[in-house]
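> This is the structure I want to talk about, given as structure tokens.
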Amino acid sequence: MWTQTVCRVLASLTLALLNFTTITASHSKARLNVYFEPQNMESTRFFKSQLLPLYENTELGDRVELRLVPHGRAHCDNVEKDYVCSCPHGDDECELMYLMSCILHDFRHHGHAVDTIACIQGQSSMQSALDECIVPLRPKQRKWYGECSNTFRGHYLSWLQGLRTNALGMPLSNVPFLVLDGHVNDIAIENLQSEICAVLAHPKPAVCE
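Just so you know, the sequence shown maps onto residues -25 to -1, 1 to 184 in mature numbering (1 follows the signal peptide of the UniProt record, and there is no 0).
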């Protein structure tokens, strides 16, 4: 049986081959992929304590190319011209996954959606996410996001998130799962800022000095 360490090494190699992220050790921007689940407690803690504060510092956030992948250990199948998903924490989590996928599809730069996704992360239901996150932050999109989440489009976009997750080449045993500059990085789960600063080229943001 492969050890978790071996699996993580293989995952890093797979990502490099697929050109998901650059393997350059130090450059003007850090490239961060975050694989997570909408109702996973550790994912929620990461968003609140690490990712959201990172983007609240505009100088540092502007130096990160972010891809958010809300899927984790969910599973989606093509059933009768639609995609049906099952999620580790139940149907409510799947609905949040559909909503997140619809939102992220609207943003070329996922960093611009961090505030909304962080708000949705850990919500108990689609309704609470719409009321507490979409209405206050993106009121003009409330109707569209609600419709997208409940139709083929949202289900399909979530299936695509599953393909991105599967491209890691291994099933995820834990989330969040971070890939920084083409390498699996567990340290960044607790110390994201310092790990981002470590891969940035000079001149670095003031917070890194």
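From the three backbone atoms N, C-alpha and C, an ideal C-beta is built for every residue, glycine too.
Bear in mind that the values here come from a model prediction, so they are computed numbers and not experimental data.
Tell me which residues share the same chain as A88 and place their Cβ nearer than 8 Å to its Cβ, disregarding the 5 neighbours each side in the sequence.
The residue you call residue 88 lines up with position 113 of the sequence shown. Cβ neighbours of A88 beyond the five flanking positions: L43, I78, L79, D81 and F82.
> Got a sec? Which residues, its chain only, sit under 7 Å from H85 by beta carbon, not counting five neighbours each side?
Sequence index remark: in the sequence shown, residue 85 carries index 110 (1-based). For H85, where only same-chain residues beyond five positions count, the Cβ hits under 7 Å are L41, R42, L43 and L79.
> Is the stretch 63 to 77 touching the stretch 152 to 163 in the sense that three or more CB pairs, one from each, lie closer than 8 Å?
They do not touch, by the three-pair rule.
> Relative to the alpha-carbon of L147, which residue among N15, A5, L7 and V59 has its alpha-carbon at the smallest distance?
Along the sequence shown, read from residue 1 onward, the residue named residue 147 stands at position 172. The candidate whose alpha carbon is nearest that of L147 is N15.
> Ignore the nearest five residues each way along the sequence and tell me which others in E165's own chain have a CB closer than 8 Å to its CB.
One-based indexing of the sequence shown puts residue 165 at position 190. These residues qualify, in order along the chain: Q25.
> State the Cα-Cα distance for the pair K112 and S169, rounded to the nearest angstrom.
Numbered from 1 along the sequence shown, position 137 holds the residue referred to as residue 112. Numbered from 1 along the sequence shown, position 194 holds the residue referred to as residue 169. Reading off the sequence, residue 112 comes out as Leu, not Lys. Whole-angstrom Cα-Cα distance: 29 Å.
> If you draw a straight line from the C-alpha of F21 to the C-alpha of P151, how long is it?
Within the sequence shown, residue 21 is the residue found at index 46, counting from 1. Within the sequence shown, residue 151 is the residue found at index 176, counting from 1. Answer to the nearest angstrom: the Cα atoms are 7 Å apart.
> Taking the alpha helix (DSSP H) that E68 belongs to, which residues open and close that run?
Position 93 of the sequence shown, counted from the first residue, corresponds to residue 68. First-last of the alpha helix (DSSP H) with E68: D66 to H80.
> Count the other CB atoms, across all protein chains shown, that sit within 10 Å of the CB of N8; report buried if there are 16 or more and exposed otherwise.
Numbered from 1 along the sequence shown, position 33 holds the residue referred to as residue 8. Buried, because 16 or more other Cβ atoms sit within 10 Å of the Cβ of N8.
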